[in-house]
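Inspection log for the structure reproduced underneath, given as structure tokens.
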Amino acid sequence: MASQVADYEITSSVVEDRTAPCLRARRPQRLGGGDAPVTIWVLGPLARTSWAAARARLEPVASVHDDHLPAWLEAGISEWAQRPVVWVSAATAVAGTLASPPPGLDLPARLRAIASAARGAHALHEHGQLHEAICPQSVALVAIGSPDQAAGPEPRGTPDDATASAVLSPPALANGQAPLAQVGYPPLGYIDPQLLRGEGGRWSDIWALGATVHQAVTGSVPFPGLDELPVVQALSRLLSVPTPALGQMPDAVSEVVAECLSVDPTDRPATANEVAERLDEAASKL
Amino acid sequence: MADKLEVLPGPGLVARFGDVAVWAGPQCSPALQAHLVSEAQKQGPYAGDQLASSFIAVLQRGDPEPQAPFAIVGPGANGLALFLHGPVQAWDSGRWLAPQPVPGWMATSIGRPWPLIILPYGAAPPPQSQQGNPFDLLSGAVPGSGFVLLRPPPGPGQVSGTGQATGSSLTSPGGAQPGPGAGGPVPFGGQPGYGAQPSGVGTGQGAPAPGPGGHGPVPGGAGPGQSTMAAAPVALAGTVGAGAGAPANSGTVGVSGPSGGAIDLRSVFAALQSPLPVASSPAAAFSPDRPEVQGVRCELGHFNHPRVTNCMRCGRPIPPGSPQASGSRPAAGVLLADDGSIWALGRPCIIGAEPTSAAEVQAGAAQAIAMRAAPDHPMAPVHAEVQAKGWSAYLVDRGADGGTFIQGPGTQGWAQLGRNEQRELLDGSHISCGGRVLTYLAAWPA
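Protein chains in written order, with my numbering: chain A, 1181 to 1466; chain B, 34 to 479.
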């Protein structure tokens, strides 16, 4: 792991992920705000010619300020492991993600974390933006006392003290102008088949929220065996719009998951905020 | 705004004054047209943001003309501020922007893309790059159905294609004046309506005549070298300058992007885009850039390939022999690149080392898949193209050195396409150019 990204000194790795590593770094003095840790996501690798497209993707997302989204600081393009990547920094101190939740984060806490991410997605939707990469990796658990905004107070706790509070990580970026997705972030099992068919919308993020809840509860994506298939076969299967096979879930959760994963987008919850409310309600019943 | 502004022929009104350009569709009332021309004359470092804010303030009290299409482009805190209202769309060199739902309005910040195309909603993009067109609206108001903003033409001593702005407006000194009767400011606000006393531009006489000197050739013209456009330069907001002194030892990297710095996301202009439609909204089915093809509809009206037996949108059965109808074609399939990126084949895909230099990409008619060549393989800036025709997909060689290859599903070995030859892609076909491989997966039955 490189010890520095731009002039951010990396102190540790929050998520060891091949496709979207999440790092903890010292806050450069030039940014002010003391020495509170910051979070850096590394996205890519990307061709340098993709920077303009990456910027066009990131700026509208960063313009949405919401408690359930990171308090963005900066973005840039740098070499990482000898390949150009785009990095994004945020004042929000992330302690981990739902892809590898800390021990002791029980199911109600995980559902509340996904509900937080759903509210972040809703904020994006209300500002005309899709996330398109909602998955357990993008549900970032926030450290206790992490500031909600860049100008907020410094974190009171340590980044290892994860709570059920969560924010939604950056959207996926990839080479070229506007690819649908980059294999691995999100994993294929979290991509709405309708999005693959060029019919994406806020219902696609809602589908991904349902798949994320399904994984959090059952430990697998709603298409059994998809992860074991070669990518080409997995994509072909998704393009045929298969009906999800839902695993065993508590009644309080299964209904909202089933609706999120409906083949017909009009049968899904209308908004991500509705998903959040129903997840909070389900968490309170567990 | 030193950019070159080309007016697209047709009904409507295009006006430009200094750093601000506007387009008003023919549906706009004379009062609104006059107001837009008047407002466009207000200059300032953030004139675009300020104009957008003034319109938003009015719209929040009620939209006087919801069906009136107009667009405003001007300098903002983060590059160009873009305000769209009604059935209008904008291509910012990477995507089509339009208010959602339509009609509606949106305001956003778009850096400085080339080309920036303003068109009526649903209109076909202008053919090819407009770069060779010598006409450039310097200042004034003229008839037009939209406009294209392009890289500014080089001045004396300037190097073509550097992406450097001249730093001065194209407003010609002592030259063009506002169109006839553009007049003074028109009251805007207080009560619904765009100006109580419309005067000057478009007062019941249709589109105004060109202002003096408003439509003239650009000194020096546009050289052929300009047809190759690099990615839009990054306009820095709060440039970081990070990494300038970063040591170059192993494991340490500095910011070295095209801009030489990072972008400050804390100061990104708040994009006031309309909320995304919910699934049940009619606007959810809209796509402005899809061709019409023949297909069948399920009982809910979802448009499908004529041979499907179940709707791919809702799963409802579609009986054999269902009547065919014309509709907007969904993606024909997807391309899976060997770097893991997945592309829906709606618009054509241009593959190459610098596909954004393709005229189709610049005009918004195609999407760009940028790929670096594998070692010892040549990859041209524009190497190959995948396009959908009807419900099928085709690979097209673009005449690049190194050639374009295809491998059909279940076959061994690669077949090279002749120069500019095209071949149909079947589900599972592989494409190779520059030593890189993409796989086509059909979204519909063969």
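Think of the CB as a built atom: it goes at the ideal place given N, C-alpha and C, for glycine as much as any other residue.
Beta carbon proximity, residue i to chain A, threshold 8 angstroms
i: B/C466; result: no
i: B/S462; result: no
i: B/L471; result: no
i: B/L474; result: yes
i: B/S313; result: yes
i: B/M139; result: yes
i: B/D297; result: yes
i: B/L309; result: yes
i: B/V367; result: yes
i: B/P153; result: no
i: B/Q306; result: yes
i: B/A47; result: Before going further, note that residue 47 of chain B is Val rather than Ala in the sequence given. Judged by the 8 angstroms Cβ criterion, B/V47 is not in contact with chain A.
Identity of the residues DSSP links to residue i by a beta bridge
i: A/Q1184; result: A/E1189
i: A/T1446; result: None, per the DSSP bridge assignment.
i: B/W129; result: B/W124
i: B/P153; result: B/V121
i: B/Y427; result: B/Q420 and B/E457
i: B/P176; result: B/L46
i: B/M139; result: B/L117
i: A/W1252; result: A/A1270
i: B/Q327; result: B/S359
i: B/Q400; result: B/C382
i: B/G144; result: B/G112
i: A/W1231; result: DSSP output for A/W1231 lists no bridge partner at all.
i: A/L1203; result: A/S1193 and A/I1220
i: B/F103; result: B/A57 and B/H118
Residue i, DSSP secondary structure in three states
i: A/K1465; result: helix
i: B/I383; result: strand
i: B/Y29; result: The structure shown does not extend to residue 29 of chain B, since chain B is modelled only from 34 through 479, so no value can be given for it.
i: B/T195; result: In this prediction, B/T195 scores a pLDDT of 29, lower than 50, which makes its location untrustworthy; the coordinate-derived value is nonetheless stated afterwards. In the structure shown, B/T195 sits in coil (DSSP, three-state: anything other than H, G, I, E or B).
i: A/D1460; result: helix
i: A/L1426; result: coil
i: A/P1240; result: helix
i: A/L1418; result: helix
i: A/P1373; result: helix
i: B/Q449; result: strand
i: A/G1332; result: Note that A/G1332 has pLDDT 37, beneath the 50 cutoff, so the model's placement of it is unreliable and the number below is only indicative. Note: A/G1332 maps to coil in three-state DSSP.
When the options are compared against residue i, the one with the closest alpha-carbon
i: A/V1194; options: A/S1258, A/A1279, A/P1240 and A/V1265; result: A/A1279
i: B/E332; options: A/A1295, A/D1444 and A/L1238; result: A/D1444
i: B/R49; options: B/S62, B/P59, B/G81 and B/P63; result: B/G81
i: B/H463; options: B/H338, B/T444 and B/P63; result: B/T444
i: B/F180; options: B/G119, B/L46 and B/H410; result: B/L46
i: B/R362; options: B/G354, B/G423 and B/V121; result: B/G423
i: A/V1265; options: A/A1273, A/T1272, A/A1271 and A/G1256; result: A/G1256
i: A/A1275; options: A/G1212, A/S1420, A/G1405 and A/W1221; result: A/W1221
i: B/A482; options: B/G328, B/P308, B/L152 and B/I375; result: No answer is possible for residue 482 of chain B: the residues shown for chain B start at 34 and end at 479.
i: B/W138; options: B/R128, B/L115 and B/G348; result: B/L115
i: B/A396; options: B/F336, B/P148, B/A476 and B/P308; result: B/P148
i: B/A312; options: B/L170, B/C347, B/G155 and B/A365; result: B/C347
i: B/I375; options: A/P1288, A/A1313, A/V1268 and A/P1449; result: A/A1313
Segment limits, beta strand (DSSP E) that includes residue i
i: B/V341; result: Here B/V341 belongs to no beta strand (DSSP E), and DSSP marks it neither H nor E.
i: B/D169; result: F168 to L170
i: B/S462; result: Element bounds for B/S462: n/a, residue is neither H nor E.
Residue-chain proximity (residue i, chain B), Cβ-Cβ < 8 angstroms
i: A/D1307; result: The question names Asp, but residue 1307 of chain A is His in the sequence shown. Cβ-Cβ to chain B under 8 angstroms: yes for A/H1307.
i: A/V1421; result: yes
i: A/A1438; result: no
i: A/R1377; result: yes
i: A/P1240; result: yes
i: A/E1457; result: no
i: A/S1416; result: yes
i: A/T1338; result: Residue confidence is low: A/T1338 scores 40 on pLDDT, short of 50, so the model does not pin down where it sits. Its coordinate-derived value is still stated next. No, A/T1338 does not count as interfacial toward chain B.
i: A/E1461; result: no
i: A/P1445; result: yes
i: A/R1448; result: yes
Residue i: first and last residue of the uninterrupted alpha helix (DSSP H) it sits in
i: A/S1318; result: Premise fails: A/S1318 is in no alpha helix (DSSP H) and is neither H nor E.
i: A/V1437; result: D1431 to C1440
i: B/H68; result: P63 to A73
i: A/V1393; result: R1382 to T1398
i: B/Q395; result: A392 to Q395
i: A/A1279; result: Where A/A1279 is concerned, there is no enclosing alpha helix (DSSP H), given that its DSSP letter is neither H nor E.
i: B/L368; result: It is not in any alpha helix (DSSP H) - B/L368 instead sits in the beta strand (DSSP E) that spans G366 to A370.
8 angstroms Cβ cutoff, residue i in contact with chain D
i: B/R330; result: Absent from the structure is chain D; the protein chains it does hold are A and B.
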